[in-house]
Every structure is written in C-alpha cells, then in structure tokens.
Amino acid sequence: MSALLDSLAADFKGDASRRASLEAALREGLPHARSEAWKYTSLRALERRTFIPASHIAIEIDPALLAAIHAPRLVFVNGRYDAARSDLSGLPAGVELHPLSHALAAGNAGASSSPERRFGRADEVFAHLNAALADDGVLVRIGAGVQAGTPLQLVFVGASNGDDAAWHSRHLIELRPGAALTVVEHHIAGGEHAHLGNALTQVHLAADSVLTHARIQDEAPRATLFTRTDAVLARNAHYRRIDLELGAGLSRHELNVRLEGEGATLNANGVLLATGKRHLDTRLGIEHLARDTSCDLLWRGLGAGLSRAVFHGGITISKGADGSDANLSNKNLLLSDNAEIDTQPVLEIHADEVKAAHGATVGQLDPTAMFYLRSRGLPAADARQLLTAAFCREVVNTVESDDLRETLAIALDRALDTQGSS
Amino acid sequence: MLKIENLHVRVAGRDILQGLTLDVKAGEVHAIMGPNGAGKSTLANVLAGREGYEITEGSVTFEGHNLLEREPEQRAADGLFLAFQYPVEIPGVNNTYFLRSALNAQRKARGEPELDSMQFLKRVREKLAVLHLDDKLLQRGVNEGFSGGEKKRNEIFQLAVLQPKLAILDETDSGLDIDALKTVAEGVNALRSKERAFIVITHYQRLLDYIRPDVVHVLADGRIIESGGPELALQLEEHGYAWIKDRIAPEIAA
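Chains as they are written, first to last, in my numbering: chain U, 23 to 444; chain C, 164 to 417.
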C-alpha cells in the first residue's frame with residue numbers, strides 16, 4: 023500500500039459499484055517501474071505524498087485569469103463546479119452542458135452510467151480511482167445535426183488553499199449523428215499549489231459528427247495531473263484534437279482513440295513544452311478497427327532545464343481495417359544537457375493495403391539558422407526563442423479556426439516567453 | 164572601415180586563410196575573385212562571426228572595434244552585413260517579423276530609437292519595389308519555399324532594409340539567371356554611397372559587369388595574390404586562374 027492511495031481512498035463515500043472500483047485500485051496499486059506503459063514516468067516520489075479531498079469552500083482567484091475566456095463557459099476550481107464564475111449565456115441551441123455534480127444530485131441515470139464504466143487493462147489505477155471517486159465534471163451532449171458555431175469553454179483552475187488537495191473529474195462529450203462542436207479546455211494555475219488532479223474524459227462521436235477539442239494545460243509548476251481521454255468514433259466521424267502541455271510539475275496524458283466506424287478520422291496534434299523541472303508524458307493509443315480509417319498525429323517536444331518529455335505514439339491497425347492511413351510525426355528539440363526526451367513510435371499492422379508512416383527525432387536547434395538570425399542582429403537568446411517558438415507553432419498552425427489558433431498561439435507564446443528555454 | 168592584417172584561419176585542421184591582408188574604405192567596392200577552395204567563403208564567414216573557424220594569427224578591425232572579439236549580432240549592429248551564399252530557410256519564422264526584430268535589435272544596440280510598424284513598413288515598401296519582390300513573400304516563413312533567385316533577392320532586400328556600413332556579398336550571383344542577376348545588381352547599385360562599402364565575392368566576372376568594382380583582388384591559396392582595377396577581372400575571365408597563379412608564383416617564391 024502507498025501513502026498516496028490510502029490518502030485518496032480515505033474520502034470514499036460511494037455505492038457498491040464505486041466501491042468495487044476503489045477496491046480494484048487498491049488491489050492494483052500504483053504502476054511498477056517495470057510496467058511498459060510507465061517506464062519513463064516514476065511515481066516513487068508521488069507514492070509517499072498524501073492529499074486531502076478538494077474542498078467546496080470558495081477560493082479567491084484573480085478574475086483576470088478568466089477575462090479572456092468568453093461564455094459559454096463552465097468553471098471548476100480545484101475540481102469543483104463554480105457556478106458564480108461560470109456563464110452559460112450564448113449556449114447554442116441543441117447543446118446540453120451540465121456539471122456532473124448537478125446531474126448526480128438530480129439522480130440522472132445517464133450521467134452516472136459513465137463513472138460506472140469498467141476498466142480491464144492493467145496499469146489503470148487512476149481510471150479506477152476516477153470511477154470510484156469522481157464527483158464532478160462536465161457533461162456535454164449535442165443533438166443530431168446540430169452545428170454549434172460557438173465553442174464551449176471548460177475552465178479548470180487549480181488554486182492554493184493550504185494543504186495539498188486531490189480531485190477526480192469525469193467528463194463526457196457526446197455528439198449525435200451529424201453534429202459539430204468545438205470544446206476548449208483551459209487548465210490554469212490560480213496561484214502556487216501542489217494539488218493532484220485526475221481527469222477522465224469519454225468522447226463519443228456518432229456517425230458524421232465533427233468534434234474539435236483543444237486542451238491547454240498550463241497548470242502550476244508543482245501540480246500533478248493525470249489525464250485520460252477515451253474516444254470512440256463511428257462511421258465518418260472526425261475528431262480534431264490538439265493538446266498544449268505547457269505547465270504542471272508532472273502531467274501524464276493518455277489519449278486512447280478507437281476508430282470503430284468506416285472512414286472515421288483522427289487528427290491529434292500537440293506540443294510538450296518541458297522546461298524547468300517539469301515531467302511531461304503523453305501516451306497515444308490509436309486503434310484502427312474499420313476500413314478506410316485514418317489518423318494524422320503531429321507532435322513536437324521541447325526539453326530544457328532539468329525536464330523530461332516522454333512521448334509514446336502507439337498505433338494499431340487491426341485485421342479488417344483495410345485501406346487505413348496512419349501518419350505520426352514526433353520531432354523533439356533537446357535544449358539542455360540535463361533534460362531528457364524519450365520518444366517511442368509503435369506501429370502494429372494486421373490489415374492489408376494500409377498506408378502508414380511514422381518518424382521520431384530528437385535534435386538541437388539548427389546552428390546554421392541560429393547564425394543566420396544572429397548575423398542579422400538578433401541577440402542569441404532572441405534567435406533561440408524565435409526558432410523554438412517556430413518549432414512549436416507548427417502544431418498550432420494546423421488549427422483551421424482563426425480564433426482558436428489565435429488562442430492557442432497566445433498561450434504558447436506566453437509560456438515560451440515566461441519560461442524561455444531554461 | 165575594415166582592416167584585415169595577416170589573417171590566418173584554420174577549419175577542421177586545415178589552414179584555409181594563410182596571411183590575408185585587405186583594407187576597405189568607406190564608399191569603396193572591392194571584388195574578391197578566386198578559384199573554388201581558395202578561401203573566399205571562409206573569409207566571408209569569419210568576418211560575420213560564424214562558429215567553427217579557428218583564427219590562428221592576424222587581426223581584423225572594423226569601425227574601430229576588434230571585430231574578432233564581437234558576437235555576430237554585435238557585428239551586425241556595428242554595421243556589418245553578410246549576404247549568404249546559401250540563405251537559410253526557417254519555416255515558422257515570419258519574414259517581416261524577423262526583419263523588424265533584427266532591425267530594432269540593431270538600433271537598440273546602437274542606442275537608436277526603435278522603428279514602429281508604420282515606419283518599418285514604409286521602409287519595406289520602398290525597398291521591395293527596387294528588388295521586384297512580391298510582398299506576399301514577406302508573409303511567409305524566412306526564405307520558406309522561395310526559389311533560388313527569390314532567396315538571393317531577399318538577401319539584398321534585407322541588406323536594403325538594414326542599411327549596413329559594410330556589405331559582404333558571398334557568391335550572390337551563383338544560381339541566378341541574367342534577369343535575376345540584373346535585378347540583384349540594381350538593388351546593390353541603388354545602395355552604393357560614400358558612406359557604405361561592399362565586398363563582392365564571386366567566382367565569375369559576369370556579376371562585375373553590373374556591379375562595377377573599384378578594386379579587384381585575386382584570392383588563391385588563402386591569400387590575396389594580386390590586386391588591380393576592373394580590368395583584372397576581365398583578364399582572369401580570359402586566361403583563367405591558372406594563368407595568374409603561374410604568373411604570380413615566381414614572385415612569391417622570390
């Protein structure tokens with residue numbers, strides 16, 4: 023047993039089904055160093071820490087943090103829904119948006135079915151904990167054929183309130199056939215803290231639906247985040263995903279996508295900005311399960327200071343998923359001798375007539391480009407900054423919507439400006 | 164303006180420049196010609212401050228500074244500009260943004276006020292017209308997807324915007340067709356002035372038909388073996404580099 027799991031379990035108040043999840047978590051324990059999926063992310067330091075449940079007490083946060091995030095928005099502070107800071111005005115017709123806590127209080131069966139989902143794979147302790155302990159989150163449903171023009175903003179603020187706190191959030195995003203929606207997640211530091219957040223998001227995309235889903239993770243430098251996204255795509259559904267990992271002390275993200283319907287398409291791009299002492303671990307698990315499915319994955323990583331960036335790009339093209347197309351590019355810049363980058367593209371093909379390409383590199387800034395910029399008068403630090411930003415911006419430039427691209431570019435530039443490449 | 168004395172440079176264990184001496188004054192245009200491997204590009208890169216060159220002997224002063232002690236960006240702010248033989252493509256770094264940042268960084272280093280975007284754009288428009296460059300190119304990444312000719316014209320465009328005191332053109336004519344060559348030469352000629360000097364490095368005499376030099380130097384085996392007027396370039400074109408080396412060698416031996 024670990025101090026960590028004991029402290030998280032101490033708060034348990036759920037029913038029998040949730041108790042089963044908790045017991046599974048305790049039985050399984052934290053992932054071993056031997057576990058392939060956790061090979062580069064040690065939880066040894068975390069194992070000894072303890073957390074109290076995040077409280078419902080209102081916490082002061084700087085209103086400026088939310089000023090640029092327009093309605094409709096749901097705001098959560100330390101994992102708890104904050105009605106006063108949320109604003110549902112302008113919610114497009116045909117879109118349902120609720121905090122999970124409200125749905126659970128109202129005894130909404132549809133809402134509670136998602137936390138009851140079972141997890142069978144090994145190393146799923148955080149999913150089990152989430153199933154046992156999640157008591158808030160976001161439920162989004164959009165009706166058949168509804169094309170929501172206005173993006174939904176989901177804001178998660180971590181804020182200091184004394185002891186290190188933990189929260190478990192469960193989110194469900196469901197698009198009915200032919201629906202289209204944009205969801206933007208903002209994970210913001212509302213001050214210095216060392217909390218633990220454990221989020222699990224389920225995404226269900228029915229036939230011909232299109233979800234654009236951006237996540238800007240810019241949490242406090244000592245925060246710990248476990249994030250998992252499980253998405254299922256039906257025929258011709260399109261999931262456009264972008265993740266900017268800019269903050270936190272430890273951020274582990276598993277993005278699992280099942281391309282179940284013919285012609286389903288995934289674009290999942292992201293940036294891992296590992297600076298300072300940050301440890302970022304992103305693990306993609308993409309499964310092509312039907313004909314003519316495609317995925318395009320563009321990831322860029324930066325390792326500076328004493329940081330570590332870990333990227334695993336797993337793609338499986340199953341038997342029968344003929345005519346599928348998979349592309350993975352993971353390029354990394356190692357800017358410091360004391361940083362480390364581990365990248366591992368894994369492609370498994372069991373189908374015919376498949377197009378698949380993957381590439382992963384770790385390199386340094388191009389000295390010729392550095393010299394070119396400096397020879398024009400840019401100081402070395404500025405030249406480095408410019409090249410680093412350009413390297414990362416390649417990912418942001420793939421975003422079609424001007425507004426969203428701008429939002430992401432601002433977040434990225436701000437992170438690069440404040441953290442530099444140290 | 165620029166004084167190079169007895170410069171010796173080693174690259175990867177090989178002595179490339181072996182006692183090069185050159186004096187360039189404001190308003191002058193010097194052409195440096197020479198066969199491949201003579202050390203022409205080494206000279207250009209050493210002057211601009213590129214890494215990987217070991218200076219084993221000699222000195223270079225530029226505008227009163229010991230040039231060899233200065234960082235590349237300080238040399239730029241001092242007024243030195245190198246038009247690259249192979250301009251670098253930098254995707255994702257916007258041309259205009261880059262050039263404005265560079266210009267303002269130079270101005271800041273010199274203690275001059277920075278240009279605001281209106282002032283900067285005014286200067287850019289003037290210079291674009293001279294070089295027949297499409298302003299759409301400026302919205303792209305630095306040299307990203309530019310043709311060979313566009314890259315070379317972009318170098319001269321940057322030169323025009325940055326307005327250095329000394330411009331070094333490193334084989335700017337290579338890979339250019341005759342029309343592009345004329346455009347580049349026009350761009351350079353428009354910048355000639357009493358205050359500004361040029362070092363034009365070229366393998367061929369052709370460029371010098373359009374940019375008339377005051378002095379022509381022949382660089383071979385790491386040093387300048389002969390200097391003369393524009394007619395020297397024509398003689399070289401006629402007889403080849405072997406001729407001049409044969410002609411000069413006995414004198415050096417003596």
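Note that CB positions come from ideal geometry on N, CA and C, so glycine has one too. None of these values were measured; they are calculated from a predicted model.
Using CA atoms only, rank isn't needed, just tell me which of the options is closest to residue i.
i: GLY213 of chain U; options: U:ILE91, U:LYS341, U:ALA86 and U:ASN220; result: U:ALA86
i: HIS208 of chain U; options: U:ALA236, U:ALA181 and U:ILE195; result: U:ALA236
i: GLY308 of chain C; options: C:VAL256, C:ILE319, C:ALA272 and C:ASN267; result: C:VAL256
i: SER337 of chain C; options: C:ILE218, C:ALA348 and C:LYS357; result: C:ALA348
i: LEU30 of chain U; options: U:LEU434, U:ALA38, U:ARG313 and U:GLU45; result: U:GLU45
i: LEU277 of chain U; options: U:ARG163, U:SER346 and U:ARG250; result: U:ARG250
i: ARG71 of chain U; options: U:ALA25, U:ALA59, U:LEU48 and U:THR383; result: U:ALA25
i: VAL368 of chain U; options: U:LEU356, U:ASP374 and U:ALA348; result: U:ALA348
i: PRO235 of chain C; options: U:ASP425, U:ALA89 and U:LEU395; result: U:LEU395
i: ALA382 of chain U; options: U:ASN354, U:VAL177 and U:ARG406; result: U:ASN354
i: PRO393 of chain C; options: C:GLU220, C:GLN269, C:ILE218 and C:HIS193; result: C:HIS193
i: TYR373 of chain C; options: C:HIS228, C:LEU291, C:ALA383 and C:ALA353; result: C:ALA353
i: ARG163 of chain U; options: U:ALA188, U:ALA181, U:ALA149 and U:LEU122; result: U:LEU122
i: ARG263 of chain U; options: U:GLY285, U:VAL206 and U:SER273; result: U:VAL206
For residue i, I'd like the list of residues in its chain whose CB is within less than 7 Å of its CB, leaving aside the five on either flank, ordered along the chain.
i: LEU311 of chain U; result: ARG280, LEU281, GLU282, SER340 and ALA343
Is residue i close to chain U? Criterion is C-beta to C-beta, closer than 8 Å.
i: GLU214 of chain C; result: yes
i: VAL287 of chain C; result: no
i: ILE407 of chain C; result: no
i: VAL223 of chain C; result: no
i: SER356 of chain C; result: no
i: VAL174 of chain C; result: no
i: ALA207 of chain C; result: no
Is it buried or exposed, residue i, if we count other Cβ atoms within 10 angstroms and call 16 or more buried?
i: MET196 of chain C; result: buried
i: VAL324 of chain C; result: buried
i: PRO276 of chain C; result: exposed
i: ASP342 of chain C; result: exposed
i: LEU285 of chain C; result: The sequence given here places Lys at residue 285 of chain C; Leu does not occur at that position. Classification of LYS285 of chain C: exposed, given that the 10 Å Cβ count is below 16.
i: THR184 of chain C; result: exposed
i: GLY335 of chain U; result: buried
i: ASP297 of chain C; result: exposed
i: GLN321 of chain C; result: buried
i: ILE387 of chain C; result: buried
i: ALA405 of chain C; result: exposed
i: LYS377 of chain U; result: exposed
i: ASN169 of chain C; result: exposed
i: MET281 of chain C; result: exposed
i: LYS357 of chain C; result: exposed
i: PRO389 of chain U; result: exposed
i: ARG375 of chain C; result: exposed
i: LYS315 of chain C; result: buried
Is residue i near the ligand MN, with its Cβ less than 7 Å from a heavy atom?
i: LEU284 of chain C; result: In the structure shown, the ligand MN is absent, as is every other ligand, since no ligand is present at all.
Identify, in the order they occur along the chain, each residue of the same chain with its Cβ nearer than 6 Å to the Cβ of residue i, setting aside the five sequence neighbours on each side.
i: VAL179 of chain U; result: ILE83, VAL99, ILE210 and GLY212
i: ALA272 of chain C; result: ALA240
i: ASN183 of chain U; result: ILE81
i: ASP109 of chain U; result: ALA93 and ARG95
i: SER222 of chain C; result: GLU168
i: HIS226 of chain U; result: GLU196 and VAL254
Could one say the Cβ of residue i lies closer than 8 Å to chain C's Cβ atoms, at least one of them?
i: TYR103 of chain U; result: no
i: ASP404 of chain U; result: yes
i: THR390 of chain U; result: yes
i: ARG56 of chain U; result: no
i: ARG398 of chain U; result: yes
i: PHE178 of chain U; result: no
i: LEU408 of chain U; result: yes
i: GLU416 of chain U; result: yes
i: ALA412 of chain U; result: yes
i: PHE393 of chain U; result: yes
Round the Cβ separation of residue i and residue j to the nearest angstrom and send it over; I've been treating them as touching at under 8 Å.
i: GLY215 of chain C; j: ILE179 of chain C; result: That belief does not hold up - the Cβ atoms of GLY215 of chain C and ILE179 of chain C are roughly 11 Å apart, past 8 Å.
i: ASP158 of chain U; j: SER111 of chain U; result: The pair is not a contact, with the Cβ atoms about 22 Å apart (cut-off 8 Å).
i: GLY304 of chain C; j: PRO254 of chain C; result: 4 Å
i: PRO53 of chain U; j: VAL177 of chain U; result: That belief does not hold up - the Cβ atoms of PRO53 of chain U and VAL177 of chain U are roughly 30 Å apart, past 8 Å.
i: ALA268 of chain C; j: SER397 of chain U; result: Not a contact, Cβ separation roughly 12 Å.
i: LEU155 of chain U; j: ASP314 of chain U; result: Between ASP314 of chain U and LEU155 of chain U the Cβ distance is about 40 Å, and since that is not below 8 Å, they are no contact.
Going along the chain, which residues of its own chain have a beta-carbon closer than 8 Å to the beta-carbon of residue i, five neighbours each way excluded?
i: ALA229 of chain U; result: PRO199, GLY200, ALA256, ARG257, ASN258, ALA259 and GLY283
i: LEU328 of chain U; result: GLY298, LYS299, SER358, ASN360 and ALA361
i: VAL427 of chain U; result: Residue 427 of chain U is actually Arg in this sequence, not Val. Result list for ARG427 of chain U: VAL418, ASN419 and VAL421, in chain order.
i: LEU329 of chain C; result: MET164, LEU165, VAL187, PHE225, GLY242, LEU243, PHE244, ARG359, ALA360, PHE361 and ILE362
i: SER135 of chain U; result: Its pLDDT being 49, under 50, SER135 of chain U is placed unreliably by the model, and the measurement read from it follows with that caveat. Closer than 8 Å at the Cβ level, and outside the excluded window around SER135 of chain U, lies no residue.
List, in chain order, every chain B residue whose beta-carbon is nearer than 9 Å to that of residue i.
i: ILE362 of chain C; result: Although the question refers to chain B, the structure presented lacks it and instead comprises the protein chains U and C.
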